[in-house]
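Engineer: Can you read through this structure? Questions will come right after.
Residue numbers (the numbering used here): 162 to 441.
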């Protein structure tokens with residue numbers, strides 16, 4: 162049993178469920194395993210190998226199943242690589258490397274090298290948004306465009322969520338399921354919501370906080386940036402994310418969603434349009 166799961170049976174149940182989601186992938190796919198210093202990284206690839214590359218980075222406590230509704234449209238114009246983050250409940254290695262320093266970017270360097278990708282567009286959700294931002298700041302020459310969905314690392318994690326999550330975790334499985342509801346999981350597709358509940362029954366989430374990027378670091382972003390944030394995000398200070406990115410990165414396009422929370426979706430075509438715009 163990997164240390165990131167509560168039991169060997171739970172690990173097997175989650176891997177089986179993830180396999181069923183991948184079997185339901187609506188277009189042809191390749192499943193790739195890239196060796197890195199952080200262990201093996203699992204990647205689902207779709208689309209023409211000769212098309213421009215698009216890298217997808219999912220949120221915490223999830224895996225690349227979150228993208229299965231978007232990939233068919235994106236793969237018509239891109240070679241799409243959906244990467245399972247290490248230490249999360251996917252098929253990548255369970256190792257949780259430090260988030261300080263350049264470890265995350267060095268890991269992604271190895272993954273991209275293994276895929277033969279030298280420059281790509283990136284889409285990151287929540288924790289994946291943090292990884293995409295970290296990479297764009299450290300490796301700007303490798304990032305063509307950047308799409309962020311409720312990204313970590315800009316607005317602060319809300320104190321109210323931290324306090325509520327700490328209290329709910331003390332109540333076991335019932336509290337963990339309630340925490341998903343507090344985070345806004347009720348807003349997403351029922352099958353995905355049920356899968357998330359299964360994940361949080363058997364998976365042990367990472368506790369260390371995400372580092373916030375400084376205004377100076379955000380100001381180094383020169384590539385086109387599109388960010389979606391929900392006004393009713395219960396995890397992150399989305400107003401702070403909007404304010405800080407607008408100030409530090411004037412070329413960023415920010416979509417403010419008054420009725421949305423932390424779980425964002427349904428922007429497949431808007432993102433495709435942004436990715437297909439002529440280079441500035």
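We put the CB at the ideal spot given by N, CA and C, even for glycine.
In the DSSP assignment, the beta strand (DSSP E) including residue 191 goes from what residue to what residue?
Structural biologist: Per DSSP, residue 191 belongs to the beta strand (DSSP E) from 191-197.
Engineer: Please work out which residues of its chain come closer than 8 Å, Cβ to Cβ, to residue 200, disregarding the five sequence neighbours upstream and downstream, and give them in chain order.
Structural biologist: 247, 253, 254, 255, 256, listed in sequence order.
Engineer: Report all residues from its chain with a CB closer than 7 Å to the CB of residue 419; omit the five preceding and five following residues, and keep chain order.
Structural biologist: Here the set comprises 392.
Engineer: Closest by CA to residue 275, which one among 235, 202, 409, 226?
Structural biologist: Answer by Cα proximity: 202.
Engineer: Do residue 283 and residue 266 count as a contact pair if the criterion is CB distance below 8 Å?
Structural biologist: It is not a contact, given that the beta carbons lie outside the stated cut-off.
Engineer: Just the Cα atoms here: how many angstroms apart are residue 442 and residue 178?
Structural biologist: A query on residue 442 cannot be resolved here, the shown segment of the chain reaching from 162 to 441 and no further.
Engineer: Does the beta carbon of residue 380 fall short of 7 Å from some heavy atom of the ligand MG?
Structural biologist: The ligand MG is not part of the structure shown, which contains no ligands of any sort.
Engineer: Taking the beta strand (DSSP E) that residue 202 belongs to, which residues open and close that run?
Structural biologist: Element bounds for residue 202: 200-207.
Engineer: Which word fits residue 180, buried or exposed, when buried means at least 16 other C-beta atoms lie within 10 angstroms of its C-beta?
Structural biologist: Classification for residue 180: exposed.
Engineer: For residue 388, write down the residues that DSSP places opposite it in a beta bridge.
Structural biologist: Answer by DSSP bridge pairing, in chain order: 309, 415.
Engineer: My output table needs one value for residue 240: the three-state DSSP class, helix, strand or coil.
Structural biologist: Reduced to three states, the DSSP call for residue 240 is strand.
Engineer: How many whole angstroms separate the CB atoms of residue 222 and residue 364, which I take to be in contact at a CB cut-off of 8 Å?
Structural biologist: Their Cβ separation, rounded to whole angstroms, is 6 Å, which keeps residue 222 and residue 364 in contact under 8 Å.
Engineer: What does the alpha-carbon distance come out to for the pair residue 288 and residue 318?
Structural biologist: Residue 288 and residue 318: Cα-Cα distance of roughly 12 Å.
Engineer: Based on DSSP bridge pairs, tell me the residues matched to residue 166.
Structural biologist: DSSP, once it has assigned bridges, lists 364 as partnering residue 166.
Engineer: Buried or exposed: where does residue 323 fall if 16 or more other Cβ atoms within 10 Å of its Cβ makes it buried?
Structural biologist: Any reading at residue 323 is ruled out, since the residue's pLDDT is 49, under 50, leaving its predicted position unreliable.
Engineer: Below 8 Å on the Cβ atoms is my contact criterion, and I expect residue 314 with residue 398 to pass it. Report the Cβ-Cβ distance as a whole number of Å.
Structural biologist: Actually they are not in contact, since the Cβ atoms of residue 314 and residue 398 sit about 12 Å apart, beyond 8 Å.
Engineer: Looking at residue 249 and residue 372, is the spacing between their C-beta atoms short of 8 Å?
Structural biologist: Not closer than 8 Å, so no.
Engineer: By how many angstroms is the C-alpha of residue 204 removed from the C-alpha of residue 193?
Structural biologist: For residue 193 and residue 204, the distance between alpha carbons rounds to 5 Å.
Engineer: So for residue 329, helix, strand or coil by DSSP?
Structural biologist: Low confidence applies here, because residue 329 scores a pLDDT of 42, under 50, leaving its location unreliable; read the following figure in that light. Three-state result, residue 329: helix.
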